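2 protein chains.
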Amino acid sequence: MDGYLLDVNERRIKHAHKNIDTKVGPMPSYNAPIEDMMFVLGEVLDLSGKLKSWPLHQEFDLETLQEILNQGARFASEVIQPLNQVGDEQGCELEHQTHEVKTPEGFREAYKAFIEGGWTSISCDPLYGGQGLPMVVNQCVYEMLNAANQAWTMYAGLTHGAYECLHTHGTQWQKKTFLPKLTCGEWTGTMCLTEPQCGTDLGLISTKALPQDDGTYALTGQKIFISAGEHDLADNIVHLVLARLPDAPKGSKGISLFLVSKFLVQTNGSLGARNGIFCASLEHKMGIKGSATCQMTLEAATGTLVGEANKGLAAMFVMMNAARIGVGMQSLGLTEVAYQNALLYAKERIQSRSLLGAKDLTRAADSILVHPDVRRLLLTAKAYSEGGRALSLYSAMLMDESVSSPQESVRDLAHRELAFLTPIVKAFLTDNAWISTSACMQVFGGHGYIRDWGVEQFVRDSRINMIYEGTNAIQSLDLLGRKVLGNEAQSLKLFDAQVRSFLEQAQSSEHAQEMQVFIKSLKTLSQRIEQVTGELGFKALQNANEVGAAAVDYLRLLGHFVMGYLWAKMALVAYSKEPGASRATFYEGKIQLAHFYFAKLMPETLALLEQIKSGSASLMDTHSVLGDGV
Amino acid sequence: MDGYLLDVNERRIKHAHKNIDTKVGPMPSYNAPIEDMMFVLGEVLDLSGKLKSWPLHQEFDLETLQEILNQGARFASEVIQPLNQVGDEQGCELEHQTHEVKTPEGFREAYKAFIEGGWTSISCDPLYGGQGLPMVVNQCVYEMLNAANQAWTMYAGLTHGAYECLHTHGTQWQKKTFLPKLTCGEWTGTMCLTEPQCGTDLGLISTKALPQDDGTYALTGQKIFISAGEHDLADNIVHLVLARLPDAPKGSKGISLFLVSKFLVQTNGSLGARNGIFCASLEHKMGIKGSATCQMTLEAATGTLVGEANKGLAAMFVMMNAARIGVGMQSLGLTEVAYQNALLYAKERIQSRSLLGAKDLTRAADSILVHPDVRRLLLTAKAYSEGGRALSLYSAMLMDESVSSPQESVRDLAHRELAFLTPIVKAFLTDNAWISTSACMQVFGGHGYIRDWGVEQFVRDSRINMIYEGTNAIQSLDLLGRKVLGNEAQSLKLFDAQVRSFLEQAQSSEHAQEMQVFIKSLKTLSQRIEQVTGELGFKALQNANEVGAAAVDYLRLLGHFVMGYLWAKMALVAYSKEPGASRATFYEGKIQLAHFYFAKLMPETLALLEQIKSGSASLMDTHSVLGDGV
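The listed protein sequences derive, respectively, from chains G and Y. For the first sequence, position 551 matches number 569 in this note's numbering, and the numbering has no gaps at all. For the second sequence, position 135 matches number 153 in this note's numbering, and the numbering has no gaps at all.
1) Specify the secondary structure class of residue 381(Y) as computed by DSSP and reduced to three states.
2) Starting from residue 200(Y), trace the alpha helix (DSSP H) in both directions and tell me its first and last residue.
3) Chain G partners of residue 390(Y), CB-CB under 7 Å?
4) Please classify residue 626(G): is it buried, with 16 or more other beta-carbons within 10 angstroms of its beta-carbon, or exposed?
5) Taking the continuous beta strand (DSSP E) assigned at residue 278(Y), which residues delimit it?
6) Measuring CB to CB, does residue 642(G) end up less than 8 Å from residue 606(Y)?
7) Kindly list, in the order they appear in chain G, the residues whose Cβ is closer than 9 Å to that of residue 482(Y).
8) When burial is assigned at 16 or more other CB atoms within 10 Å of the CB, is residue 477(G) buried or exposed?
9) When you check each C-beta in the segment 528 to 552 of chain G against every C-beta of chain Y, which residues fall closer than 9 Å?
10) Could you tell me which chain G residues have their CB closer than 8 Å to the CB of residue 216(Y), listed as they occur along the chain?
11) Residue 83(G): buried (16+ other C-beta within 10 angstroms of its C-beta) or exposed?
12) Should residue 137(Y) go down as buried or exposed, given a rule of 16 or more other Cβ atoms within 10 Å for buried?
13) What does the alpha-carbon distance come out to for the pair residue 618(G) and residue 433(Y)?
14) Looking at chain G, which residues of the segment 590 to 617 of chain Y have a Cβ within less than 9 Å of any of its Cβ atoms?
15) Out of 229(G), 561(G), 337(G), 285(G), state which residue places its alpha-carbon closest to the alpha-carbon of residue 318(G).
16) Can you pull the chain G residues whose beta carbon is under 9 Å from the beta carbon of residue 448(Y), in chain order?
17) Thinking C-beta only, is residue 337(G) closer than 8 Å to residue 589(G)?
18) Which residues, in chain order, does the segment 383 to 412 of chain G contribute to contact with chain Y at a C-beta distance below 8 Å?
19) Kindly indicate the opening and closing residues of the alpha helix (DSSP H) around residue 172(G).
20) Is residue 481(G) closer than 8 Å to residue 663(G) when the C-beta atoms are compared?
21) Candidates 454(G), 339(G), 236(G): which alpha carbon is nearest residue 294(G)'s?
22) Between the segment 520 to 533 of chain Y and the segment 589 to 600 of chain Y, can you find at least three pairs of beta-carbon atoms closer than 8 Å?
23) Give a yes or no on whether the minimum CB-CB distance between residue 642(Y) and chain G is below 8 Å.
24) Span of the alpha helix (DSSP H) holding residue 117(Y)?
25) Do residue 169(Y) and residue 95(Y) come within 8 Å of each other at the CB atom, strictly closer than that value?
26) Any chance the segment 464 to 475 of chain Y sits against the segment 409 to 419 of chain Y, with 3 or more Cβ pairs inside 8 Å?
27) May I have a chain-ordered list of the beta strand (DSSP E) segments no shorter than 3 residues that lie completely inside the segment 355 to 409 of chain Y?
28) Excluding sequence positions up to five away, which residues of its chain have a Cβ less than 7 Å from the Cβ of residue 54(G)?
29) Would you say residue 450(G) and residue 353(G) are within 8 Å of each other, going by their C-beta atoms?
30) Can you find a C-beta in chain Y that's less than 8 Å from the C-beta of residue 486(G)?
31) Assuming residue 212(G) contacts residue 241(G) under a Cβ cut-off of 8 Å, what Cβ separation, rounded to an integer in Å, is found between them?
32) Looking at the C-beta of residue 662(G), does it have a partner C-beta in chain Y at a distance below 8 Å?
33) Taking the alpha-carbon positions, what's the residue 582(G) to residue 562(G) distance?
34) Report the three-state DSSP secondary structure of residue 315(G) (helix, strand or coil).
35) Do we get a CB-CB distance below 8 Å when we pair residue 489(Y) with the residues of chain G?
36) Helix, strand or coil: which one does DSSP assign to residue 40(G)?
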């Protein structure tokens, strides 16, 4: 692998010389935040105790996990991070004659190294060749991969979604044939949902699946926005395709899920004929240009049914839910890497003097870190990164608990809490990455707008995360409509009880005084959420549009509640360290950042509450503005 | 011109076929909001009355202005809008041998049509060939040009800045030689401030100017980020360059301004030798790719002094202030055009049913306009667009008043109010465009991320506006530090008195009842601003960092106050129309949008106030996070 790393670095420098007229570009770097990850896993979430209670993972300890993360960090920083700008500049190319897609320079070799390193199989079932590690480890690795190169990481990430779906809903033949190949990464996966006329509303799907005499189906139709739909990284591609049987009921209750592989697989497992599923064109996008976004044409492609007929959406949602947490991790990675590079820039860039007077008389100006607003921009990204990591790793731990706990009641509870948190992880973290990457770009001033520095790519790449796997508005409706109001707020109440229990613990701890600012804010916010949720439940009974009008603001409100709780937890852990203990600066940083979060980011809740309370009228009674009938 | 338009449209279609694999792209369109502009000018700002009171502009009436706007709208929509995506895809190219820059296909021809149409000279001094129209007209035209094609418009926009600067500070020879050429647009202008080591902090400038025997200066140094620094649109380029004389004091008090033209101008006015100022490289940027952003090298280039030695910054600031309003217009244009295209898309796109039940049984789904959050996204852009237009045209009218009023006291007052509003126009409108263009992109779902639709270009183009001409943080410091606290809040108090006087007028009008929601909100906000400003003044005396910590939030707070006031004014005008009057829908739309603004956008002020009050400690006491010394 070292030889390969050398190649990558040479290519990187060559690339810089080719594209930048007079100087080597100031390429971004990435230093995986292993210490922060281990703080969350070990000290905030007590993963060590959890591991012991999970029979499947009892043999793993934190030291082993950390060693895996160290290796993952090296792969992310040294192998795929140097390909991030190359991928953005080159994008993917479609060879129209053969329908083959060429990924950017270096992607293929990096993917080969990735599967050779066993990275695709970390959390997969040992029955199919997986390493059986808990999901939290996989999530940490994916944060690092996404920070280093979101576009490249999508090829592997989508495979994992297909793996999950087949693992749950596949037939024995499908599992035996496809799961080992997806586990080792030799084949990759996709999810084929969207069509030109249907995105959010999957009930409008029109791709047809005709039953054949041999028990297979012939699928015909057009799919768009298929990530990794075609590429040159793997020998075969396993498409999970939503389509409609001839006798299917209309709408979303008539949709079935099919497995359609690029090459048919023969009974002995070897590759057979090319199947009738082709990439017709590639999309030109704002970002994630190294990821092939394909328009796929199915021409009587041979597929096999996954799960039950007409219950395809339910089967697909196994994949979607994991994918939504995955999108949160994409944005978490971008938030962290943008922060790191903006901080490096801020330290080196000197410009103007501190408002308090010159700080560094040895230089012509002070580092821009002396300016309060530069710090605000950086701290925004850092607080959203660390808070987002706590939230997403907590969610990942719930994933593990929901399958690995020996007690059914614990599994159920974890499953419900995860369902409640999933739309928050997806929408809150992706909104925050958009805010954070843009804030980090602002730190660079004019240089931030220049492509060489790489920070504007983080902004562009992050923008898709608010859209795909269900737009953030859809996440909000899922949260407010289904998970809160549709559930008599049971999950919210359980979560709230957990927060209140923590606040009591903090109140009775020896750090009660230092914790007051957090305790008071969270108590007030808890009360306000209870009140506004009750009001919304009442208003929704009279007018369903009240739900749609409030949902987006409501999700961010709950996002701050959840993240504020996690920041308070992190602060209490840090306060609980002995004064003068080793890594005192590390723990002091957590306390400082928690204060920043409560002082400068949580106040958004005041605006959100007011907006929620103002109701739907100012949105709906606007026909004279929008011209949709008076 | 019609023949030219045909060419443009042919090129547009050809372009679409070339770059999009299987279908003609759904290119964005632009329909200039003349009716909204005339509403602000005629009914909200009473421009008709103002024109009569300005001796320089007495011969103009609203009908004449509207006719000019109609023609400008046609130029914007038909000539330069079709070049917007072409410019983004092609960018500019530098020929390294000759140092010449080629602009994208069609830019040169469009610029020729622009100067032939007399568009560069609208508000210029008749003494130099200008048409002597008020600045408000020019601003309306620039909103349209920017909406159609911000990158293209920068070539003309920067020329106007150079014109203003020379008109105020140029010598007789400079005025006589350069102003007619800048007025007719045959030559274009630039401002050369930034150097690699200095952006915000111009005191660090190191370009040298050596006096020559003939009274000229030889300039040597390097400038970066020079928009329109080199291009193929005009015969000559007039650079205004900040540099340092040999005996100059250190820092910002030792900077002088020089005129350096690409080609030297002979005594008879004809072009002479090529001057020693060259484009060394072009920047690759996130957006505005059709605008040439040049690194300029000066090698003993011949220049002449503009204004007094060592007082270059003051002279340059004439240009900067106009440019800051100009940047606000850029973002206003993008906000409007993004809104228009998102609304068109929302009307055509059907997906899911209204939460209240199906609205359109003739189709498989309802238009996405039935969804409250889609409306929220659209209305956000529309409210910021119309509010931004009211604010920027009000500012433009103050520009006119500050030079055209026959009464010195009126001119002075207008000048001071304009100084107060300028940083708000620049920062608030550019932040709002970032919010709005992203909101409009979200309306498109996955299609918004695809380049063909053009909306993601609006997002990318808009991002630079928050950075250049002084970052938005610098605008905020200018507002809070200089214009408010540095001025004992005199300008703020004057503005506040104007708002309160309006509120009294509204309270005593026959529409007092309908206006209550606006009156109450603005009164409360006025009180809160008074209070928080007082607190900040007090805290600033003890710790200057309190200003830097609060400034960005404070600017948005005042932005909402100013825009809220203008929305209330627009609502009162609309309420004052006879029921059943013509264009009742138009006026009803203003009222609906005002309600939306107060219900869904103004609540941000609650968060801003809380953040401001939390002070600087949570930003500054973060050394353990940012690692800048413990």
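Where a beta carbon is used, it is the ideal one built from N, C-alpha and C, also for glycine. Computed from a prediction, not measured in an experiment: that's the story for all the values here.
So, from the data block:
1) Stepping through the second sequence from its first residue, residue 381(Y) is reached at position 363. Coil, per DSSP.
2) Taking the second sequence and counting its residues from 1, the one referred to as residue 200(Y) is at position 182. Run containing residue 200(Y): 190 to 202, per the alpha helix (DSSP H) assignment.
3) Within the second sequence, residue 390(Y) is the residue found at index 372, counting from 1. Residues of chain G whose Cβ lies closer than 7 Å to the Cβ of residue 390(Y) are, in chain order, 563, 566, 567, 634, 637, 638.
4) Working through the first sequence from its first residue, we reach residue 626(G) at position 608. Buried: at least 16 other Cβ atoms inside 10 Å.
5) Reading the second sequence from its first residue, position 260 is the one you call residue 278(Y). From DSSP, the beta strand (DSSP E) with residue 278(Y) extends over 274 to 279.
6) The count along the first sequence starts at 1 and reaches residue 642(G) at position 624. The count along the second sequence starts at 1 and reaches residue 606(Y) at position 588. For residue 642(G) and residue 606(Y), yes; Cβs fall inside 8 Å.
7) Translated into the one-based positions of the second sequence, residue 482(Y) becomes position 464. The contact set of residue 482(Y) on chain G, defined by CB atoms closer than 9 Å, consists of 464, 467 in chain order.
8) Indexing the first sequence from 1 puts residue 477(G) at position 459. By the 10 Å Cβ count, residue 477(G) comes out buried.
9) Per Cβ criterion, the list is empty.
10) As a first step, residue 216(Y) must be located in the second sequence, where it is residue number 198. Within chain G, the residues whose beta carbon sits less than 8 Å from that of residue 216(Y) are 369, listed in sequence order.
11) Translated into positions along the first sequence, residue 83(G) becomes position 65. With 16 or more neighbouring CB atoms inside 10 Å of its own CB, residue 83(G) falls in the buried class.
12) Working through the second sequence from its first residue, we reach residue 137(Y) at position 119. Residue 137(Y) sits buried, since 16 or more C-beta atoms from the chains shown fall within 10 Å of its C-beta.
13) On the first sequence, residue 618(G) is found 600 positions in, with the first residue counted as 1. On the second sequence, residue 433(Y) is found 415 positions in, with the first residue counted as 1. Answer to the nearest angstrom: the Cα atoms are 35 Å apart.
14) For the segment 590 to 617 of chain Y, which is checked against every Cβ of chain G, the residues closer than 9 Å are 602, 603, 604, 605, 606, 607, 608, 609, 610, 611, 613, 614, 615, 616, 617.
15) The sequence position of residue 318(G) within the first sequence is 300, counting from 1. For the set 229(G), 561(G), 337(G), 285(G), the Cα lying nearest the Cα of residue 318(G) is the one of 229(G).
16) In the second sequence, residue 448(Y) corresponds to position 430, counting from 1. Listed along chain G, no residue sits closer than 9 Å to residue 448(Y) by beta-carbon distance, the nearest being about 11 Å off.
17) The residue given as residue 589(G) occupies position 571 in the first sequence. The residue given as residue 337(G) occupies position 319 in the first sequence. In this structure, residue 589(G) lies away from residue 337(G), with their beta-carbon atoms at least 8 Å apart.
18) Going along the segment 383 to 412 of chain G in chain order, one finds 383, 385, 387, 389, 390, 391, 392, 393, 394, 396, 397, 400 with a Cβ nearer than 8 Å to chain Y.
19) Residue numbering aside, residue 172(G) sits at position 154 when the first sequence is read from its first letter. Secondary structure note for residue 172(G): its alpha helix (DSSP H) is the uninterrupted segment 153 to 187.
20) Outside the displayed span of chain G (19 to 648) sits residue 663(G), for which this structure offers no information.
21) Position 276 of the first sequence, counted from the first residue, corresponds to residue 294(G). Residue 294(G) has its Cα closest to that of 236(G), out of 454(G), 339(G), 236(G).
22) Touching, yes.
23) As a first step, residue 642(Y) is located in the second sequence; it is residue number 624 there, counting from the start. At a cut-off of 8 Å between C-beta atoms, residue 642(Y) counts as an interface residue with respect to chain G.
24) Stepping through the second sequence from its first residue, residue 117(Y) is reached at position 99. For residue 117(Y), there is no enclosing alpha helix (DSSP H), as DSSP marks it with neither H nor E.
25) Counting from one through the second sequence, the residue named residue 95(Y) turns up at place 77. Counting from one through the second sequence, the residue named residue 169(Y) turns up at place 151. Not in contact: residue 95(Y) and residue 169(Y) (Cβ atoms no closer than 8 Å).
26) The segment 464 to 475 of chain Y, when compared against the segment 409 to 419 of chain Y, does not touch it at the 8 Å Cβ threshold.
27) Listed in chain order, nothing qualifies, since the segment 355 to 409 of chain Y has no complete beta strand (DSSP E) run of 3 or more residues.
28) Mapped onto the first sequence, residue 54(G) falls at position 36. Here the set comprises 404, 407.
29) Your numbering for residue 450(G) matches position 432 in the first sequence. Your numbering for residue 353(G) matches position 335 in the first sequence. Yes; because the gap between Cβ atoms is below 8 Å, this pair is in contact.
30) Locating residue 486(G) in the first sequence gives position 468, where the first residue counts as 1. By this cut-off, residue 486(G) is an interface position.
31) In the first sequence, counting from the first residue as 1, residue 212(G) sits at position 194. In the first sequence, counting from the first residue as 1, residue 241(G) sits at position 223. About 6 Å separates the beta carbons of residue 212(G) and residue 241(G), which is inside the 8 Å limit, making them a contact pair.
32) Residue 662(G) lies beyond the range of chain G shown here (19 to 648); nothing can be said about it.
33) The residue given as residue 582(G) occupies position 564 in the first sequence. The residue given as residue 562(G) occupies position 544 in the first sequence. Those two C-alpha atoms are separated by around 30 Å.
34) One-based indexing of the first sequence puts residue 315(G) at position 297. In the three-state reduction of the DSSP assignment, residue 315(G) falls in the strand class, which pools E and B.
35) In the second sequence, counting from the first residue as 1, residue 489(Y) sits at position 471. Taking a beta-carbon distance threshold of 8 Å, residue 489(Y) counts as an interface residue toward chain G.
36) By one-based count along the first sequence, residue 40(G) stands at place 22. Confidence in residue 40(G) is poor, its pLDDT being 30 and thus under 50, which makes the residue's placement unreliable; the coordinate value appears in the next sentence. Coil at residue 40(G), not helix or strand.
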